[in-house]
Every structure is written in structure tokens, then in C-alpha cells.
Amino acid sequence: MSLAALSGCTTLPDDPDERAEIQALNDPLEPTNRAIYDVNMALDDAIMVPVAESYRSNLPDWFRDAVHNILTNLQEPYVAGNDLLQGNPRAAADSLGRFVINSTFGLLGARDAVADSGGAKSHKTDIGVTLAVWGMDEGPYLMLPFFGPSNLRDGTGKVAEFWASPTGAVMSANGLDVINNIGTGADVLDTRTSLLDPLKDLRRSSLDEYAAIRSLYRQNREAAILASRQGQPASHVPAAAAPAPAAPAAASAPQPHGTGSGEQKTVPEHGRVEFVDPAK
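This is how it looks when you write it as C-alpha cells:
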């Protein structure tokens, strides 16, 4: 892209309100980002959606769950390393403990033996979160070809991840790059399959799906950073001996609220997007 094109994308309007709104979005390359998003979605519709739907339809749940668990288990050392860099030794111990136990008693990670027995749950973190905890600014919003929504900080993290995965480094050092490639492909397929319904609902209900994706991405990243700063509490083993809290009085019980069935909410647990029915 030429410097002239970049300059045209980053010119701010003279009106103070419009200028403030654009700066809050932090998307100076929006025209280019939208064009990349359109290409990404066209490729997704043509290739990834049919493959993911076939994978979900033709393979049983237990098999897909086992694949997901194995992929999660292979990421545990990488997660633990980032936990340490983020100043969360307890979360790092949780991840390493899960890796050791699930790799042995969990059939190489096919079964989450730790969580099934009431132990630590898996949690996700990455180099982008580590850089955020260290104080690096997120930089401008970016829509990356093939990889999707990101920003300058998370994009830097994605580049570093190619060399930072301990299990990937071990495989590569032993001439097992083919396993790395299979793992990468399986991870992409597993992730895309898990997003089939949420993304379909989002695209159907959003007037501007690009803006909705941008908003959800930021919310999810902020949730992941907050979880790190709080020590990844969702992963810890609950205290078995803790007494149950007394039930609140009926008059003070919180009432459910919502605007209608199928309200879209972002659930700040490991940066996932879920669609929650507020009537439930």
C-alpha cells in the first residue's frame, strides 16, 4: 500500500465530535480493513464454512471433543509460559499440572481428566495479553488477511507465537514439522467449528457486521487482559471446604433483565463470545 493511500485513510475530520468518535474507534485504516474483511468472509464462506459444517455433521461429538481436548492440552505449556511472564505463578502451575496429568491419565489429552475430577480448568492467554500486562498500547485496529481481527500489539504477538510454542519447538527440533502442520490445521478447524452458530447469528442480526466484529473483538481482548490481571481466577480449584453462602432474602434477590430472546452478550471468560437468552 502506498504512503498516499495510508495518508488518505488516516486524515481526521475538522469537526471535534467526529474527530473524537473516530479516535475512540482507533481504526484509522477502516476502509482498507473493511476491504480485507470482505475478502476474508468470501473465503470463509467458500472454504471454511463448508468444511466446518461437514466436520460437525459427519463426526461424532466424542471425537470432536477429544480433538479439542488434545489441542487444548498441547497449548498448556505455552499458556503456562505466558502466565509466568504475566506474574501469575499459580495459574502457570495450574496449566503445567493439567498438562502432565492430562497427557498421562487423560490419554494424551483426549480426556480432560483434571477438570473432570474437579481440578483446575483450562484457561487461555497469549503473548498479546502478556504485552498488554507489560504496558504496551494496543495500537490501531487491524483486520489481518486470513487471521481476522487484531491490533498492532496482538499482531506482534501472533508473529512471536510462531517461535514461542514449546510443544511446537520440540516437534520441529525432532523433524516432526508435519505434526505441527496437522495440529495447526486441526486447531483452525476446531476453532471455526465452534464459531459456526455464533458467527451466523451475529451476521444475521447485525446491521454492520464489521463494526460488530470489531466491538466484540475488543471486548473479548479486554476480558482476557482483565482475567490475567486478576490472576486467572476462573482456572483455580474451588475451595471444597468453603461454607455455602446464606440465601439472600426474597426482597433483595436480583431480578432477571433483558430486552428479548436471543440477546447478544459478551461473556468475559477467557475472551469467549456467547449468545445468552436473558429469559433463562
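With the working numbering, the residue at position 24 of the sequence shown is 24, and numbering never jumps. Ideal placement from N, C-alpha and C gives every residue a C-beta, glycine not left out.
| Item | Value |
| --- | --- |
| Sequence-distant residues of the same chain with beta carbon closer than 7 Å to Y37, five excluded per side | M143, Y210 |
| DSSP state of N149 mapped onto helix, strand, coil | First, the residue type needs correcting, since residue 149 is Pro and not Asn in the sequence shown. Strand. |
| Under the three-state DSSP convention, the category M136 falls into | coil |
| Neighbourhood of S122 by C-beta, 6 Å cutoff - its chain only, sequence neighbours within 5 removed | T72 |
| Short Cβ contact (8 Å threshold) for G157 with D126 | yes |
| Pair within 8 Å by beta-carbon distance, N26 and P198 | no |
| For L144, three-class secondary structure by DSSP | strand |
| Counted within 10 angstroms of its Cβ, other Cβ atoms place G109 as buried (16 or more) or exposed | buried |
| Coarse secondary structure for G109, derived from DSSP in three states | coil |
| Neighbourhood of A115 by C-beta distance below 6 Å, restricted to the same chain and skipping five residues each side | K121 |
| Whole-angstrom distance between E76 and E222, CA atom to CA atom | 21 Å |
| Close beta carbons around Y217, own chain, < 7 Å, minus the five adjacent residues each side | P149 |
| Status (buried if at least 16 other CB within 10 Å, exposed otherwise) for T193 | buried |
| Whole-number beta carbon distance between L196 and A52, since they are thought to touch under 8 Å | 6 Å |
| CA-to-CA distance, D201 to S54, given in whole angstroms | 19 Å |
| N-terminal and C-terminal residue of the alpha helix (DSSP H) that D94 is part of | 89 to 104 |
| Short Cβ contact (8 Å threshold) for A66 with A80 | no |
| Residue environment, A24, which counts as buried when at least 16 other CB atoms sit within 10 Å | exposed |
| Delimiting residues of the alpha helix (DSSP H) encompassing Q219 | 209 to 229 |
| First and last residue of the uninterrupted alpha helix (DSSP H) at S205 | 196 to 205 |
| Rounded C-alpha distance that separates D83 from Q232 | 9 Å |
| Limits of the unbroken alpha helix (DSSP H) element including D65 | 61 to 85 |
| Euclidean distance between Cα positions of W62 and P28 | 44 Å |
| Inter-residue Cα distance where the pair is M48 and H236 | 35 Å |
| Top-ranked residue by Cα proximity to K124, from I182, S103, R98, V159 | R98 |
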